[in-house]
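First the structure, in the form of structure tokens, and then the observations on it.
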Amino acid sequence: MTLDDIAKGIREKEYKRIVVIAGAGISTPSGIPDFRSPGSGLYDNLQKYNLPYAEAIFAINYFHHNPKPFFALAKELYPGNYRPCLTHYFIRLLHDKGQLLRMYTQNIDGLERMAGIPEKKLVEAHGTFATATCTLCRRKYQGEDLHNDIMEGTVPHCSYCKGIIKPDIVFFGEELPQQFFLYLTDFPVADLLIVMGTSLEVEPFASLSGAVRSSVSRLLINRELVGPFAWGSSRQSDVAELGDVVSGVRKLADALGWMPELEALMADDRQKHSKIFSTCPSLLRSWGQSAGSAMIRRPLEHRRLRALFKGPSVAARRYRGLNIRPSNK
Ligand SMILES: [Zn+2]
Numbered sequence: 001m002t003l004d005d006i007a008k009g010i011r012e013k014e015y016k017r018i019v020v021i022a023g024a025g026i027s028t029p030s031g032i033p034d035f036r037s038p039g040s041g042l043y044d045n046l047q048k049y050n051l052p053y054a055e056a057i058f059a060i061n062y063f064h065h066n067p068k069p070f071f072a073l074a075k076e077l078y079p080g081n082y083r084p085c086l087t088h089y090f091i092r093l094l095h096d097k098g099q100l101l102r103m104y105t106q107n108i109d110g111l112e113r114m115a116g117i118p119e120k121k122l123v124e125a126h127g128t129f130a131t132a133t134c135t136l137c138r139r140k141y142q143g144e145d146l147h148n149d150i151m152e153g154t155v156p157h158c159s160y161c162k163g164i165i166k167p168d169i170v171f172f173g174e175e176l177p178q179q180f181f182l183y184l185t186d187f188p189v190a191d192l193l194i195v196m197g198t199s200l201e202v203e204p205f206a207s208l209s210g211a212v213r214s215s216v217s218r219l220l221i222n223r224e225l226v227g228p229f230a231w232g233s234s235r236q237s238d239v240a241e242l243g244d245v246v247s248g249v250r251k252l253a254d255a256l257g258w259m260p261e262l263e264a265l266m267a268d269d270r271q272k273h274s275k276i277f278s279t280c281p282s283l284l285r286s287w288g289q290s291a292g293s294a295m296i297r298r299p300l301e302h303r304r305l306r307a308l309f310k311g312p313s314v315a316a317r318r319y320r321g322l323n324i325r326p327s328n329k
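What follows is the structure, encoded as structure tokens:
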């Protein structure tokens with residue numbers, strides 16, 4: 001198998017139920033800072049808060065102790081500061097062509113929604129800023145309700161009970177969103193898996209790449225080999241397009257003959273975006289509409305996921321202590 005074979009399969013609609021798994025690498029070209037790494041600009045900005053360790057920003061206990069660093073990050077990531085890149089629009093185009101079954105993203109920047117990928121096609125595995133919940137009374141809020149507070153650097157409080165309102169980002173020690181468990185029905189029927197811009201190191205995300213049927217082609221567009229592509233458990237039908245993610249996506253789009261459509265889509269969105277900005281400084285309205293998502297019932301326990309793949313990587317084991325994972329309730 002080659003990238004051209006994959007392109008041919010997409011073009012001729014041989015692949016109609018494509019699942020995409022994506023991580024931070026698809027958003028770095030949009031300028032999203034790598035806030036998890038010491039030495040990155042944003043992480044350094046957070047140093048003034050004296051975080052005991054980098055991940056504390058996503059630790060729920062630390063949040064209850066001091067929510068300010070998290071809200072400083074929220075201010076940075078709130079929509080408007082960054083725009084989707086070619087990769088996001090490529091996935092949107094897959095959807096427009098009726099071939100996207102689902103996109104599983106680890107990113108919390110909301111760029112998938114901004115690129116026009118509908119919420120029902122998205123599993124934001126680490127949560128979203130589009131909705132929020134009071135940490136005390138559990139009342140639900142829309143992301144836009146918090147906008148002014150966050151932009152002013154104020155911690156938002158519930159208008160009913162005065163509890164702190166936390167955006168629905170999944171913290172360490174919290175359960176994954178219900179939508180994540182769509183994988184139980186998505187992966188067995190997927191006919192192509194595209195993995196992009198992720199190290200596949202954090203469980204349970206890492207396991208998903210092994211959850212498609214063994215005959216299904218898997219395309220990796222990434223800086224380096226990761227997950228099963230690196231563990232030596234790759235399959236004959238696997239294809240790896242290594243290097244810069246945007247260049248890899250562009251190569252695929254070129255092979256598909258989709259570049260003119262992609263560029264038109266991006267130009268159109270840019271125009272809309274500038275209009276929204278001139279009439280409505282809060283982009284949240286177009287971005288935070290998220291009611292009525294298709295939830296599935298509480299899934300089988302986490303063991304089920306573990307059974308779906310062959311052995312976590314060393315890195316995955318190393319991360320287990322920090323894992324975001326569903327509880328076995
Ligand atoms: Zn409340």
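With the UniProt record's numbering, letter number 104 in the sequence shown gets 104, and the count goes up by one each step, no holes.
Here a beta-carbon is modelled for each residue, glycine too, at the ideal position from N, C-alpha and C.
Subject >> Heavy atom of ligand 1 within 6 Å of Y141 beta-carbon >> reply: no
Original post:
Would A247 be called buried (16 or more neighbouring beta carbons within 10 Å of its own) or exposed?
Top reply: Going by the sequence as given, residue 247 is Ser instead of Ala. By the neighbour-count rule (16 or more Cβ atoms within 10 Å), S247 is not buried but exposed.
Original post:
Based on the DSSP output, what are the partners of P177 in its beta bridges?
Top reply: Beta-bridge pairing links P177 to no other residue.
Original post:
Any idea if C85 is buried or exposed, counting beta-carbon neighbours within 10 angstroms, 16 or more meaning buried?
Top reply: buried
Original post:
Excluding five sequence neighbours on each side, which residues of the same chain lie with their C-beta closer than 7 Å to the C-beta of H64?
Top reply: none
Subject >> Heavy atom of ligand 1 within 6 Å of Y104 beta-carbon >> reply: Incorrect: Y104 has no Cβ contact closer than 6 Å to ligand 1.
Original post:
G257 by DSSP, collapsed to three states: which one?
Top reply: coil
Original post:
By how many angstroms is the C-alpha of M196 removed from the C-alpha of G227?
Top reply: Computed Cα separation, rounded: 12 Å.
**OP:** Check the C-beta distance from Y160 over to R139 and give it rounded, since I have them as a contact under 8 Å.
**Re:** 6 Å
**OP:** Compute every distance between the C-beta of S78 and the non-hydrogen atoms of ligand 1, then say whether any falls below 6 Å.
**Re:** The displayed chain sequence assigns Tyr, not Ser, to residue 78. False, no ligand heavy atom lies under 6 Å from that Cβ.
Original post:
Smallest Cα separation from R213: which of E201, R223, T198 and D191?
Top reply: The shortest Cα separation from R213 among E201, R223, T198 and D191 belongs to D191.
**OP:** Excluding the 5 residues preceding and the 5 following L200 in the sequence, name in chain order all residues of the same chain whose CB lies nearer than 7 Å to its CB.
**Re:** A206, S209, V226 and G227
Original post:
Apart from the five residues just before and just after A56, which ones in its own chain have a Cβ nearer than 7 Å to its Cβ?
Top reply: Y62
Subject >> Rounded separation between G257 and Y89 - CA only >> reply: 15 Å
Original post:
Should L146 be listed as close to ligand 3, given that the test is whether its C-beta is under 6 Å from any heavy atom?
Top reply: You won't find ligand 3 in this model; what it holds is ligand 1.
Original post:
Ordered along the chain, which non-local residues of its own chain (more than five positions away) have a Cβ less than 7 Å from that of L3?
Top reply: Cβ neighbours of L3 beyond the five flanking positions: V239, E241, K251, L252 and A255.
Original post:
How is A307 classed by DSSP in three states: helix, strand or coil?
Top reply: With a pLDDT of only 37 at A307, under 50, the local geometry of the prediction cannot be trusted, and no value is derived from it.
Original post:
If you count every other CB in all the chains shown that lies within 10 Å of the CB of S30, and 16 or more means buried, which is it?
Top reply: buried
Subject >> CB of H95 within 7 Å of CB of I108, strictly >> reply: no
**OP:** Using 10 angstroms around the beta-carbon of F180, count the other beta-carbons present and answer buried if the total reaches 16, otherwise exposed.
**Re:** buried
Original post:
So T133 and D186 are in contact, right, with Cβ under 8 Å, and what is the actual spacing, rounded?
Top reply: About 26 Å; that fails the 8 Å criterion.
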